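Below: one structure, written as structure tokens.
In the working numbering, the protein residues as written are 15 to 505.
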């Protein structure tokens, strides 16, 4: 790839090498200082390539980057190699390096959408996943920089020994010690007493919901969700071919505009004691009223926003034959873990476990064994107590910076979770605001309106606090406040 191969007119939009060096420095400073230098630089460059720089942007000379950031050449070389392998950069010896995101975009653009299934086309039409999955306020990402990875690696080393070779094989029904650890965990933190056979190990919440849709509903069956809803669950149900209805829920008011239907829905999906994405307490009485009104055949409660153990207001009961509870360790620990659980009725546990084995197979035994030991030794409890306190302080800091801004109606009260929701006046275009914050300040937030039903006019921003803390949080929080104020006050 050369500069002459770029689309006509794009050269006028490229930034100078000096400007690009400044961009790199700014993005580097935004990354958590606890990360290794290589990770900080790689995340900074990915952020710039995906959200700021045009295709074909030339990078500064390697020596200039190293001098500006105080890096060793070997550190930069490792980053460049990784980005080239991902197709984000192209390098010509003696000439330099350029971004090449347009190559991938062109390939995708020429793929005929007609070749996709109707489910895939519908899913892409409502796609809400951001291509940028790192940054100060990306929702849904816990504090991976402070997670006790040294302890986690030590457990791997302990369990990866010759006499544990069976951990490298398929499993049948999940790793028994992990089920016991999950049962104890739910007893301590949620006041739930369930039998081990009711627990099904999954590859995260999305996999658990997919298993529910496959085992408990048929194509075209109706599932009722909140408005606003958790977009990940919506996408899973949509991909499974279910018909989605929405019920508007509002704090202090309850459910409004309940759907009218001739028959009860097959599935009702609810988030846990903390509503997601509004990140506010959700009274169990509101859920009971909705269940009485709709009389769903199956109720799935997703304990998405895990927080302090003193709050156990879940509708789920392990003795209710139509209730299931979904949970994941990805939001508690780190996203790449991809392990979660379903708690299902006793009468369904055997059948759902067999469906899981027939369709998805079972494995990840080594990961399950490490997680089981991590939980049995009390490491997860200690981590949850510690990080919940930290999240509470971060939420409070951000809350105080944003709550009195023009155009801000409310900010969700701090509660020790990784999410904060900023409610905006309904005349504010939250989609445009999120783009403005990305383009002008390199801040990644999620607009609330994209997960509201057509008759729900609410606008807002969903923020994560897992990736930033301390002075960096103060600085970026002020930038966020400045960006919202400027957007709202401009003509």
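Built from N, CA and C at the ideal position, the CB exists for glycine as well. In this text, all values refer to a predicted model and were calculated from it rather than measured experimentally.
query: Chain-order list of residues whose beta-carbon lies under 8 angstroms from that of residue 492 (same chain, five-residue window excluded); result: 415
query: Chain B within 8 angstroms of residue 468, Cβ atoms only; result: Considering every chain present, this structure includes no chain B. It has just one protein chain.
query: Per-residue burial, residue 507 [other beta carbons within 10 Å of its own, 16 or more giving buried]; result: Since the first and last residues shown for the chain are 15 and 505, residue 507 lies out of range.
query: Three or more C-beta pairs below 8 angstroms linking the segment 463 to 483 and the segment 423 to 437; result: yes
query: Reduced DSSP category for residue 363 - H, G, I as helix; E, B as strand; rest coil; result: helix
query: Cβ-based burial, residue 30 [other Cβ within 10 Å; buried from 16]; result: exposed
query: Residue 166 - DSSP class collapsed to helix/strand/coil; result: helix
query: Whole-angstrom distance between residue 452 and residue 302, CA atom to CA atom; result: 40 angstroms
query: Bridge partner(s) assigned by DSSP for residue 342; result: 354
query: Simplified DSSP state of residue 424, which is helix, strand or coil; result: strand
query: Three-state secondary structure assigned by DSSP to residue 481; result: coil
query: Length of the line joining the Cα atoms of residue 196 and residue 202; result: 10 angstroms
query: Simplified DSSP state of residue 269, which is helix, strand or coil; result: strand
query: At least three beta-carbon pairs within less than 8 angstroms, the segment 401 to 415 to the segment 366 to 385; result: no
query: First and last residue of the uninterrupted alpha helix (DSSP H) at residue 97; result: 87 to 99
query: Reduced DSSP secondary structure (H/G/I, E/B, other) of residue 263; result: strand
query: Close-in-space but distant-in-sequence residues of the same chain around residue 398 (CB under 7 angstroms, 5 per side omitted); result: 346
query: Classification of residue 332 by the beta-carbon crowding that lies within 10 angstroms, buried from 16 upward; result: buried
query: Those residues which DSSP pairs with residue 461 across a bridge; result: 475
query: Reference residue 152; option with closest CA among 505, 502 and 487; result: 487
query: Residue 357, buried or exposed, once every other Cβ within 10 Å from all chains shown has been counted against 16; result: buried
query: Start-end ranges of the alpha helix (DSSP H) lying completely within the segment 284 to 319, minimum 4 residues; result: 298 to 308
query: Separation of residue 102 from residue 116, as counted between CA atoms; result: Bear in mind that a pLDDT of 46 at residue 116, under 50, signals an unreliable position, so the model cannot answer this.
query: Residue 462 and residue 473 closer than 8 angstroms at C-beta; result: yes
query: Burial state of residue 244 (16 or more Cβ within 10 Å); result: buried
query: Residues of its chain near residue 269, where Cβ-Cβ distance is below 6 angstroms and the 5 sequence neighbours each way are ignored; result: 261, 263 and 304
query: Exposure label - residue 447; buried when at least 16 CB within 10 Å; result: buried
query: DSSP three-state assignment for residue 441, whether helix, strand or coil; result: coil
query: For residue 70, the residue or residues it bridges with in DSSP; result: BP columns for residue 70 are empty, so no partner.
query: Sequence-distant residues of its chain with Cβ nearer than 6 angstroms to residue 455 (five each side left out); result: 493 and 497
query: Chain-order list of residues whose beta-carbon lies under 6 angstroms from that of residue 466 (same chain, five-residue window excluded); result: 241, 242 and 472
query: Assigned secondary structure, residue 7 (DSSP; H/G/I helix, E/B strand, else coil); result: With the chain covering only 15 through 505, there is no way to say anything about residue 7.
query: Nearest residue (CA-CA) to residue 439, options 45, 412 and 419; result: 419
query: Cα-Cα separation, residue 257 to residue 457; result: 34 angstroms
query: Span of the beta strand (DSSP E), counted from its first residue to its last, around residue 81; result: Run containing residue 81: none in the beta strand (DSSP E); it sits in the alpha helix (DSSP H), 76 to 83.
query: Residues that residue 112 bridges to, as DSSP identifies them; result: 72 and 104
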